[in-house]
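Here the sequence shown stands for residues 274 to 868, numbered as in the numbering used here.
Here a beta-carbon is modelled for each residue, glycine too, at the ideal position from N, C-alpha and C.
Just so it is clear, the structure is predicted and the values come from calculations on it, not from any experiment.
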Amino acid sequence: MEDDTIVEAMETQVEGVPNAGPGAPSQVFNNMELTSLIVQALKGVTLQESGIAPVVPPGGLKTCRPAPWRQYFARLATVNRTVFHASIEVLWEHMSSLEPFFSTLLPADRKQNDMFSILLSYYRGVKSVQWHRFTLYSSRTKSLALNRFTSSQLDESSWVMFLATDKTKPDPLFPALKTVYLSSNNNLSLLAAFSFAPYITSITIDLDAGSNEPVEESGIALTTLLQERARNLTHAALLSPFNSDTASRIFEITSLSSLSLRANGETSAVDFTRVKNLLLLEKLEFKQTRNASRPSPLPPLLDFPRVISAPLDGSPRLRELSVRANPPTHYQLVASISSQSLESIHLVFLSDHPEEHAMIIPHILTIHAKRNLNLKSLVAEYWTRGINWDYDAINPMRGDPLYDKALSFTQALSALRNLTTLKISRVPFLTVDIMALILDAVHSLPMLELLWLDVTSMTDLDEDEVFTPFLHCLDDISRTNQCLNHCVLPIDLAEVPPIPNDYVSTNRLKKLDLCTMTVEDLEERSTEYRLRIAQYLDRLFPHLETLTDTLPVDSWGWKAWGEVFAMVSAFQALRAQAIRDIARTTGTGMLVEGD
274 MEDDTIVEAM
284 ETQVEGVPNA
294 GPGAPSQVFN
304 NMELTSLIVQ
314 ALKGVTLQES
324 GIAPVVPPGG
334 LKTCRPAPWR
344 QYFARLATVN
354 RTVFHASIEV
364 LWEHMSSLEP
374 FFSTLLPADR
384 KQNDMFSILL
394 SYYRGVKSVQ
404 WHRFTLYSSR
414 TKSLALNRFT
424 SSQLDESSWV
434 MFLATDKTKP
444 DPLFPALKTV
454 YLSSNNNLSL
464 LAAFSFAPYI
474 TSITIDLDAG
484 SNEPVEESGI
494 ALTTLLQERA
504 RNLTHAALLS
514 PFNSDTASRI
524 FEITSLSSLS
534 LRANGETSAV
544 DFTRVKNLLL
554 LEKLEFKQTR
564 NASRPSPLPP
574 LLDFPRVISA
584 PLDGSPRLRE
594 LSVRANPPTH
604 YQLVASISSQ
614 SLESIHLVFL
624 SDHPEEHAMI
634 IPHILTIHAK
644 RNLNLKSLVA
654 EYWTRGINWD
664 YDAINPMRGD
674 PLYDKALSFT
684 QALSALRNLT
694 TLKISRVPFL
704 TVDIMALILD
714 AVHSLPMLEL
724 LWLDVTSMTD
734 LDEDEVFTPF
744 LHCLDDISRT
754 NQCLNHCVLP
764 IDLAEVPPIP
774 NDYVSTNRLK
784 KLDLCTMTVE
794 DLEERSTEYR
804 LRIAQYLDRL
814 FPHLETLTDT
824 LPVDSWGWKA
834 WGEVFAMVSA
844 FQALRAQAIR
854 DIARTTGTGM
864 LVEGD
């Protein structure tokens, strides 16, 4: 095993290498604080060269570091004892298994050929020097992944029996441990979890299917343990198993400031209202995987007024909400988590069957917007699988105020005066003038820095086709949204408005992406027509830096918009030169951009 080699190389060679003699080098290499700083710096460089993130994110430790990475520091550890101790801080900081601890550091009763005489029996007990050796390394471990064992030499059942009765073992086993990723529900992993539950600050539960024991029962046991003992836990990710039992226990861990959840299929049995018990919660993430065998029912929209007027008694510190789910589950969450403190909302809507579930997306957006008046970022995206609509099911919904909430949404949107990011991508609306309504609301958002609008029609019927705004809509954006830095809009280039001679723009917009419905909208236009577009854009946005930021190189429209931007750049250069000439002529010594 690789860990055997590393431990033996480190310890054996260090024992034979005395501390360095007197002199400047020895003063460096025998100084523990200085050596630790050097090794940590080497760690950062090595990780960067290996393409590895220097910090393990919560729940991100699933596999061990690559062997070459570990070998570098194993060899470095043989310099002397000071460097040895500094190196094991790096080598044992992130561990992907319990195996190195219970099959390498504590070599159970073995024969001379290194084979176990009785598998991990320890009938003579573990000596204090052996526990000291164990603690020397385990005290360096800050993050640990409890994956299923791969070694046939490790009898985890025997270890469980021993650890459950031994009174000389260190408590806790991993005193510096902060982050845990738990994918195995074997007995040794569960026992270890019981040991470190009161001390860790982050845990990810993602039990695999490789056990004879039902993961649901293990999940309930683990979440009950955390509910009762995890007093320092600030981040939890409950990925599998997620159900009403495990969720209800997670919602009682009041120390949590960050919570990630993942569900398979519908979640109607889960009581999300209990999230309000998490008074310290600042960030909530929920992801749902599609399960055709467990479809989500459409929520009763007659209940919409009650949801809108529900008491806002959710988690008072909740700032970030990220949800990726089908529309019914989105509605369940927004109806249950009645927080008014959100500053960032990222919603990904997964297409569902029936596709008509997308009809409730405006309801969901309206509820979020009405509740969270201090919202700074609102992102809504729709991921579709191309399911065909049932037109007969759509017909009675047209014009029905129970379903048409576009106006309610845009009215709520216009009240979000602190909004800096607004992105609505591929979201279907039944209201054909939705773009005009949203743009009217946008003019009331003075702090907006990113505007990304790319809505779609609810069906492919002509009567449901969303109206595309004309080029003149940019005039109002230029005048009212002075903080805008990036704008992405679908645009109809049927006509170029007259240049507004009564308006000198101070808008600082740098990136503008105008998406035309077909490539012919621009590429088949004459050079004169493109020149008029360039003049109009330059008049409204004199600081443009690109018109193709979101267009892949050589994609349709990239060349045509590139030519338009070349004209815009020429106007900018001429204007700058004219200002310089005037400054020189008048002798004012004016400073202009580019000087």
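Straight-line gap, residue i to residue j (C-alpha atoms, nearest Å)
i: residue 770; j: residue 747; result: 10 Å
i: residue 850; j: residue 694; result: 35 Å
i: residue 846; j: residue 532; result: 51 Å
i: residue 804; j: residue 767; result: 15 Å
i: residue 416; j: residue 742; result: 52 Å
i: residue 758; j: residue 622; result: 26 Å
i: residue 760; j: residue 510; result: 35 Å
i: residue 624; j: residue 729; result: 13 Å
i: residue 472; j: residue 495; result: 15 Å
i: residue 309; j: residue 725; result: Model confidence at residue 309 stands at a pLDDT of 47, short of 50, so the residue's coordinates are unreliable and nothing is read from them.
i: residue 513; j: residue 540; result: 14 Å
i: residue 690; j: residue 594; result: 19 Å
i: residue 823; j: residue 774; result: 30 Å
i: residue 537; j: residue 606; result: 15 Å
i: residue 663; j: residue 604; result: 21 Å
i: residue 545; j: residue 588; result: 12 Å
i: residue 852; j: residue 777; result: 15 Å
i: residue 751; j: residue 745; result: 10 Å
i: residue 838; j: residue 820; result: 6 Å
Residue j beta carbon less than 8 Å from that of residue i
i: residue 727; j: residue 698; result: yes
i: residue 528; j: residue 505; result: yes
i: residue 561; j: residue 519; result: no
i: residue 462; j: residue 445; result: no
i: residue 780; j: residue 755; result: yes
i: residue 686; j: residue 720; result: no
i: residue 611; j: residue 583; result: yes
i: residue 420; j: residue 369; result: yes
i: residue 762; j: residue 814; result: no
i: residue 646; j: residue 714; result: no
i: residue 637; j: residue 674; result: no
i: residue 412; j: residue 449; result: yes
i: residue 443; j: residue 477; result: no
i: residue 653; j: residue 700; result: yes
i: residue 447; j: residue 372; result: no
i: residue 502; j: residue 553; result: no
Nearest residue (CA-CA) to residue i, options the options
i: residue 644; options: 592, 478, 564; result: 592
i: residue 459; options: 432, 735, 590, 469; result: 432
i: residue 789; options: 749, 798, 781; result: 798
i: residue 717; options: 684, 734, 429; result: 684
i: residue 365; options: 524, 405, 414; result: 414
i: residue 570; options: 817, 626, 409; result: 626
i: residue 796; options: 640, 454, 835, 815; result: 835
i: residue 818; options: 776, 786, 590, 586; result: 786
i: residue 402; options: 516, 723, 378, 447; result: 378
i: residue 265; options: 668, 751, 712; result: The displayed coordinates of the chain run from 274 to 868. Any statement about residue 265 would go beyond what the structure contains.
i: residue 399; options: 479, 515, 440; result: 440
i: residue 869; options: 732, 436, 641; result: Residue 869 lies beyond the range of the chain shown here (274 to 868); nothing can be said about it.
i: residue 559; options: 619, 681, 576; result: 619
i: residue 236; options: 553, 556, 465, 853; result: This structure gives no information on residue 236, because the portion of the chain shown stretches from 274 to 868.
i: residue 723; options: 657, 696, 731; result: 696
i: residue 534; options: 581, 573, 806, 479; result: 479
i: residue 616; options: 555, 666, 580; result: 555
i: residue 578; options: 489, 820, 430, 681; result: 681
Beta-carbon contacts of residue i that lie in its chain and below 7 Å, excluding the five residues immediately before and after
i: residue 679; result: 635, 702, 704, 707, 710
i: residue 670; result: 632, 676, 703
i: residue 524; result: 547, 548, 550, 551
i: residue 500; result: 522, 525, 526
i: residue 586; result: 549, 611
i: residue 451; result: 415, 416, 473, 474, 475
i: residue 816; result: 781, 782, 783
Beta-carbon proximity list for residue i, same chain, < 6 Å, skipping 5 on both sides
i: residue 811; result: 841, 844
i: residue 543; result: 517, 520
i: residue 455; result: 419, 478
The ligand MG heavy atom lying under 7 Å from the CB of residue i
i: residue 781; result: Only the bare structure without any ligand can be found here, which leaves the ligand MG out of the picture.
Nonlocal neighbours in the same chain, by C-beta distance under 8 Å from residue i, ignoring five residues either side
i: residue 858; result: none
ask   = Taking only runs of the alpha helix (DSSP H) that begin and end inside the region 602-655, which ones reach a length of at least 4 residues, in chain order?
value = 634-644
query = Which runs of the alpha helix (DSSP H) fall wholly inside the region 453-531 and span at least 4 residues, in chain order?
reply = 460-469, 488-502, 517-523
Runs of alpha helix (DSSP H) lying entirely within the region 716-756, each at least 4 residues, in chain order = 746-753
3-residue-minimum beta strand (DSSP E) runs that sit fully inside the region 776-803, ordered along the chain = 784-788
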